[in-house]
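Under full-length UniProt numbering, the letters of the sequence shown match residues 1 to 336, in that order.
Only one structure is covered here, and it is reproduced in the block below.
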Amino acid sequence: MVDKISVTGDSRIRQCTAVLNGTTYGYLLSLPESGQYKATVFLIHGFPDLSMGWRYQIPALTKMGLRVVAPDCLGYGRTDAPEFSKETAALYGFKQCADDMKELALQLGTSQIILGGHDWGGYAIYRIALHHPGFVTHLFSICTPYSPPSKHYLSTEDIVTKVPYFGYQLQFISGELEKIIKSKQDIRQFLLSLYGGRTSSGEVGFDVFSGVLLDKFQQLQRSKVLSEEELDYYVDEFARHGVHGPLNWYRTREQNYKDDLSLLGRPLDIPVLFVLATQDQALRPALSRNMAKYVPNLTTAEVEAGHWALWQAPGECNEAIGKWIEGVVFAGKTKL
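Next up, the structure:
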């Protein structure tokens, strides 16, 4: 059994709050038992997830001598969730995320961090490193490959034409789901659709080509990737703001493109670990085939898991991260 943080209360974590550039964030903080740490690692979650998505990784990282900081991203959990508009789009962009994470690090007394991400968090960490050179010393991404900034804008529709299995994103940006998913029961079923819940006859509630299958999602039963207790926690946290905030991350393509223009030609020259999930239907292995071309200091690993690799194969993920941290990040040193 892989050790994990309990969602119903665990003395190893503190639920903290910080105001970062005008936005209130909730985050988890965990330190090694001794209280002494070699370095600080920030963990950025994906969709639809929370800081608690790293529950299997936090104990493993603190045992390695790391101070762990896991924020709820904008729109999620205990963090603010502004309505999306032209005026607020930048708040959900990667550049603002980068600025906010740097501010959080400064408030916690450090100017450099190790950075880990999964799914949208995986996309975010690459941009955080690019926007603030010298801030991120090393980074690791679970499932999400690196894609360099581009001088050409592609809309979500353009992307789906090229990558049909991103079709679910068209549903996510449409506003359709916010109209339907309002009650706690709706949120539970929505989460089950993304977490692999099935109907009594074995049918799934989500398809990467079209999104949440609205004719089936109310019939979904529990998922194997998290306990009923954990699902209850997630439902309560998502019920704070509903699904609008999390879905807004899919509405930032134009904003992120504009912010990326300042990064054109900037190399990602820090050590990177990419952990590929062999059965991920959304972030498929083929997406990473050119990654080494853009990331000169790249280490790769793979786990036999789907999109929720952090929960489906926690031991294997922790082993890959731990081996890289010991061999590359610490490399025999006791301090960074």
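Glycine is no exception: its CB is placed at the ideal position from the N, C-alpha and C atoms.
- The stretch 187–207 and the stretch 226–236 touch, with no fewer than 3 CB-CB distances between them shorter than 8 Å.
- Distance from the CA atom of residue 162 to the CA atom of residue 89, rounded to whole angstroms, is 25 Å.
- Assigned with DSSP and collapsed to three states, residue 114 falls in strand.
- Excluding residues up to 5 positions away in sequence, 146, 268, 272 lie with their Cβ nearer than 6 Å to the Cβ of residue 295 in the same chain.
- The way I'd put it, the stretch 278–289 does touch the stretch 306–315; three or more beta-carbon pairs between them come closer than 8 Å.
- Note on geometry: alpha-carbon atoms of residue 140 and residue 274 lie some 6 Å from one another.
- In this structure, DSSP gives residue 141 an extended state, which the three-state scheme calls strand.
- In the three-state scheme derived from DSSP, where H, G and I count as helix and E and B as strand, residue 207 is classed as strand.
- Taking all protein chains shown into account, residue 320 has 16 or more neighbouring C-beta atoms within 10 Å of its C-beta and is therefore buried.
- DSSP, read as helix, strand or coil, puts residue 97 in helix.
- In this structure residue 183 is exposed. Its beta-carbon is surrounded by fewer than 16 other beta-carbon atoms within 10 angstroms.
- Rounded to the nearest whole angstrom, the C-alpha separation of residue 53 and residue 45 is 7 Å.
- Contact annotation: the stretch 120–139 does not touch the stretch 62–71, with fewer than three C-beta pairs closer than 8 Å.
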